[in-house]
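A.B. asks: There's a structure below that I have some questions on.
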Amino acid sequence: MEVLPPAQQRLWPMLRSSAALGMVLYGGTAITLRLGHRKSVDFDFFTDRPLDRLAMKTAFPFLAGSTILQEQPEALTLLVAGDMPQNEYVKLSFFGTVSSGRVGEPEATEGHGMQVASLDDLMATKVKVILQRIEAKDYQDIAALVRADVSLAKGLAAARAMYGSDFQPSEALKALVYFEGGDLRHSLSRTD
1 MEVLPPAQQR
11 LWPMLRSSAA
21 LGMVLYGGTA
31 ITLRLGHRKS
41 VDFDFFTDRP
51 LDRLAMKTAF
61 PFLAGSTILQ
71 EQPEALTLLV
81 AGDMPQNEYV
91 KLSFFGTVSS
101 GRVGEPEATE
111 GHGMQVASLD
121 DLMATKVKVI
131 LQRIEAKDYQ
141 DIAALVRADV
151 SLAKGLAAAR
161 AMYGSDFQPS
171 EALKALVYFE
181 GGDLRHSLSR
191 TD
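With the working numbering, the residue at position 159 of the sequence shown is 159, and numbering never jumps.
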């Protein structure tokens with residue numbers, strides 16, 4: 001938890017009800033919480049259930065004072081200010097009716113009981129996302145997962161199982177070794 005910036009640390013206990021709503025933390029912050037390899041400044045929650053806005057407002061009262069960045073029936077992204085000093089905001093995203101499934105079981109965080117995606121599922125989502133955007137943080141996450149003995153081959157197979165023919169492992173492998181575009185040229189270290 002110490003790897004999170006102060007604004008996220010203050011918001012963290014307020015997200016305790018996410019597990020009761022069937023939500024699982026994914027993305028860079030989920031990987032950072034497990035591996036501590038970089039800063040991540042947002043929270044991405046996924047659920048296979050439809051987003052229940054009323055239940056979310058009850059579980060997360062701070063949503064009332066948040067700025068909505070994106071709102072669709074099964075996606076909600078906000079900037080949360082809450083009692084954050086110095087205009088610190090945290091980007092918070094919820095995605096509902098996610099049908100990709102998973103290959104591993106989420107694990108509960110110590111002391112809070114929030115659900116965090118398995119490392120195999122996190123690898124699968126990261127090798128998929130590099131086909132959709134070019135950002136150094138995704139490559140850093142994949143490198144950290146590999147250094148933590150999460151199998152790239154298993155991650156590619158998991159992504160294929162989760163996303164079906166929408167995911168082509170060979171294209172992800174090409175993307176992993178192509179370092180042009182986005183912020184890759186100046187943001188990756190030799191170990192990444």
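Heads up, the beta-carbon is just placed ideally off N, CA and C, and yes, glycines get one too. Being a predicted model, the structure only gives us computed values, none of them experimental.
(1) Classify residue 97 as buried or exposed, calling it buried when 16 or more other Cβ atoms lie within 10 Å of its own Cβ.
(2) Quick check: the segment 40-49 against the segment 152-166, are at least 3 beta-carbon pairs closer than 8 angstroms?
(3) Using the Cα positions of residue 176 and residue 79, report the straight-line distance between them to the nearest angstrom.
(4) Three Cβ pairs or more, each shorter than 8 angstroms: is that satisfied between the segment 106-125 and the segment 49-60?
(5) Under 7 angstroms Cβ to Cβ from residue 171, same chain only, skipping five residues before and after it: list those, please.
(6) What is the residue span of the alpha helix (DSSP H) that residue 90 lies within?
(7) In chain order, what residues of the same chain lie with their CB nearer than 8 angstroms to the CB of residue 21, ignoring the 5 residues before and after it?
(8) Taking the DSSP output, what are the residues bridged to residue 80?
(9) Can you tell which of 174, 14 and 139 has its C-alpha closest to the C-alpha of residue 38?
(10) Three-state secondary structure (DSSP) at residue 45?
(11) Leaving out five residues on either side along the sequence, give the residues of the same chain with a beta carbon under 7 angstroms from the beta carbon of residue 63.
(12) Measure the C-alpha to C-alpha separation of residue 180 and residue 11 and round it to an integer number of angstroms.
(13) Short of 7 angstroms in beta carbon distance, which residues of its chain neighbour residue 9, apart from the five on each side in sequence? Order them along the chain.
(14) Going along the chain, which residues of its own chain have a beta-carbon closer than 6 angstroms to the beta-carbon of residue 90, five neighbours each way excluded?
(15) Hey, is the segment 116-131 in contact with the segment 159-166, meaning 3+ C-beta pairs nearer than 8 angstroms?
(16) So residue 72 is in the beta strand (DSSP E); what residue range does that whole segment cover?
(17) Let me know if residue 72 comes out buried or exposed under the rule of 16 or more other beta-carbons within 10 Å of its beta-carbon.
(18) Please name the residue in 67, 99, 34 and 93 whose C-alpha comes closest to that of residue 166.
(19) From residue 5 to residue 145, what does the alpha carbon distance come to, in whole angstroms?
C.D. replies: Looking at the coordinates:
(1) exposed
(2) no
(3) 31 angstroms
(4) no
(5) 131
(6) Taken as a continuous stretch (DSSP letters only), residue 90 belongs to no alpha helix (DSSP H), being part of the beta strand (DSSP E) at 90-95.
(7) 47, 49, 52, 55, 56 and 59
(8) 90
(9) 139
(10) strand
(11) 56, 57 and 78
(12) 35 angstroms
(13) 1
(14) 7, 8, 11 and 80
(15) yes
(16) 67-72
(17) exposed
(18) 99
(19) 21 angstroms
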